[in-house]
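What follows is one structure encoded as structure tokens, with my remarks underneath.
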Amino acid sequence: SLQGNQTLGNITYEEAMDLFQLPKTLGQYESVDVVVSSGRFGPYIRFDKMFVSLAKGENPMSTDIDRAIELIEAKREADAPVAEYEDLPVQKGVGRFGPFIKWNNMFINVNKKYNFDNLTYDDIVELIETKKQKEIDKVVHNWKEEGIRVEKARWGRHNILQGKVKIEIPKTIDAPALTLDEVKDIIAKNAPKKKVAKKRVTKKKKK
36 SLQGNQTLGN
46 ITYEEAMDLF
56 QLPKTLGQYE
66 SVDVVVSSGR
76 FGPYIRFDKM
86 FVSLAKGENP
96 MSTDIDRAIE
106 LIEAKREADA
116 PVAEYEDLPV
126 QKGVGRFGPF
136 IKWNNMFINV
146 NKKYNFDNLT
156 YDDIVELIET
166 KKQKEIDKVV
176 HNWKEEGIRV
186 EKARWGRHNI
196 LQGKVKIEIP
206 KTIDAPALTL
216 DEVKDIIAKN
226 APKKKVAKKR
236 VTKKKKK
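Here's what the structure looks like:
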């Protein structure tokens, strides 16, 4: 992948050759290979199951093992739990949509009402419980045995969920009044059909 401001029109031969050297193993840390590479969103360090982005404008070709270890430890510190709730760790982070906490695989946005840098335990509990209640409130139907749910969505809409299948219900349908059979019928009519693998016919060799 091209780096930073590189384009097909301005990249030099030497820079292009450098890109072919990625991914590159920088060495080992804690008996695990540390690799610098480049992906869709720019250069990064790969360490075990951890991926750490390089700073904007940082050249992956000049990144050494010491710099990689520095980034790995910074990532570990950032990902370390800040609290525990119901015996599960709570982590803090900042993403595309601003600051958040993560608990039980649930990402919870932290709005400006809270001081994100100095969240108290009471703040964390309040954020988690508010989110849990929102998740409960958005469920209109939950047929657990069939693995089918009907949930509230944005702008007054509703969705049917079954595994990876997600079907938006037209506003003309009264979602809370739907029966299980009616929902199954909607799924049958709207769920993407599984592709049937075509059998390959082997041609007989001519003698």
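If you're matching positions, the sequence shown starts at 36 in this note's numbering and goes up one per residue. Using N, Cα and C, we set each Cβ at its ideal position, and we do this for glycine too. Just so you know, these numbers come straight off a predicted model, no measurement behind them.
Query                                                                                                                                                          : Result
I'd like the span of the beta strand (DSSP E) that includes Thr-60, first residue to last.                                                                     : 59–64
Thinking C-beta only, is Val-218 closer than 8 Å to Ile-183?                                                                                                   : yes
Nearest to Asn-194 by alpha carbon, out of Glu-181, Val-175 and Thr-155?                                                                                       : Val-175
Quick one: give me the first and last residue of the beta strand (DSSP E) that Tyr-156 is part of.                                                             : Per DSSP, Tyr-156 belongs to no beta strand (DSSP E); it is in the alpha helix (DSSP H), 156–172.
Measuring only the C-alpha atoms, how far is Asn-153 from Val-87?                                                                                              : 25 Å
Buried or exposed for Leu-215, going by 16 or more other Cβ atoms inside 10 Å?                                                                                 : exposed
Hey, how far is the Cα of Leu-18 from the Cα of Ser-72?                                                                                                        : The structure shown does not extend to residue 18, since the chain spans only 36 to 242, so no value can be given for it.
In whole angstroms, give me the CA-to-CA distance for Asp-158 and Lys-228.                                                                                     : 46 Å
Using the C-alpha atoms, what's the distance from Ile-202 back to Lys-224?                                                                                     : 10 Å
From which residue to which residue does the alpha helix (DSSP H) around Val-218 run?                                                                          : 215–225
Quick one: is Ala-113 near chain C, going by C-beta distance under 8 Å?                                                                                        : Going by chain labels, chain C is absent from the structure shown, which holds only one protein chain.
If contacts are defined as beta-carbon pairs under 8 Å, then Asn-139 and Leu-123 qualify, I think. What distance do you get, rounded to the angstrom?          : 5 Å
Are the Cβ atoms of Gly-77 and Leu-89 separated by less than 8 Å?                                                                                              : yes
On the three-state DSSP scale, how would you describe Leu-196?                                                                                                 : strand
Alpha carbon to alpha carbon, how far is Gln-197 from Gln-168? Give it in angstroms, no decimals.                                                              : 21 Å
Using CA atoms only, rank isn't needed, just tell me which of Pro-95, Ile-100 and Lys-91 is closest to Val-69.                                                 : Ile-100
For Asp-122, does the three-state DSSP call read helix, strand or coil?                                                                                        : coil
Contact defined as beta carbons within less than 8 Å: I believe Asn-146 pairs with Phe-132. What is the distance between those atoms, to the nearest angstrom? : The Cβ separation is near 11 Å, so there is no contact.
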